[in-house]
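Beneath this line is the structure, given in structure tokens, with notes to follow.
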Amino acid sequence: MRVDSEVSPLTEEYVTALTRGIPWGRQGTPRDIANAALFLASPLADYVTGEVLSVNGGTSAGRSQLPLSTPPAARKERSR
């Protein structure tokens, strides 16, 4: 999920690698989450019950190629 922040433990190289692994071709945004919530709250979803809606650009479709390890900068940040 791409959000505006002045601080990020992720390097741009890692973010680029993450984005390459998302089938939709881009990182999600808060607006993507809001659109899913609006859909679920709308009459269009009146027959949807007991479901989990994954808003992830297709990464759960089984073909994503996300990096397997945490980048060194993020590991360093977490250990503080």
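Position in the sequence shown counted from 1, then plus 6, gives you this note's numbering. C-beta: ideal position from N, C-alpha, C; glycine also.
Where the alpha helix (DSSP H) through Asn41 begins and ends: Here the alpha helix (DSSP H) through Asn41 covers 36 to 47.
Range covered by the alpha helix (DSSP H) that runs through Thr55: Run containing Thr55: none; DSSP gives neither H nor E here.
Rounded C-alpha distance that separates Ala67 from Thr55: Their backbone Cα atoms lie some 21 Å apart in a straight line.
Neighbour-count burial assignment, Gly64, 16 or more Cβ in a 10 Å radius: Around the beta carbon of Gly64, a 10 Å sphere encloses fewer than 16 other beta carbons of the protein chains shown; the residue is thus reported as exposed.
Residues of its chain near Ala47, where Cβ-Cβ distance is below 8 Å and the 5 sequence neighbours each way are ignored: none
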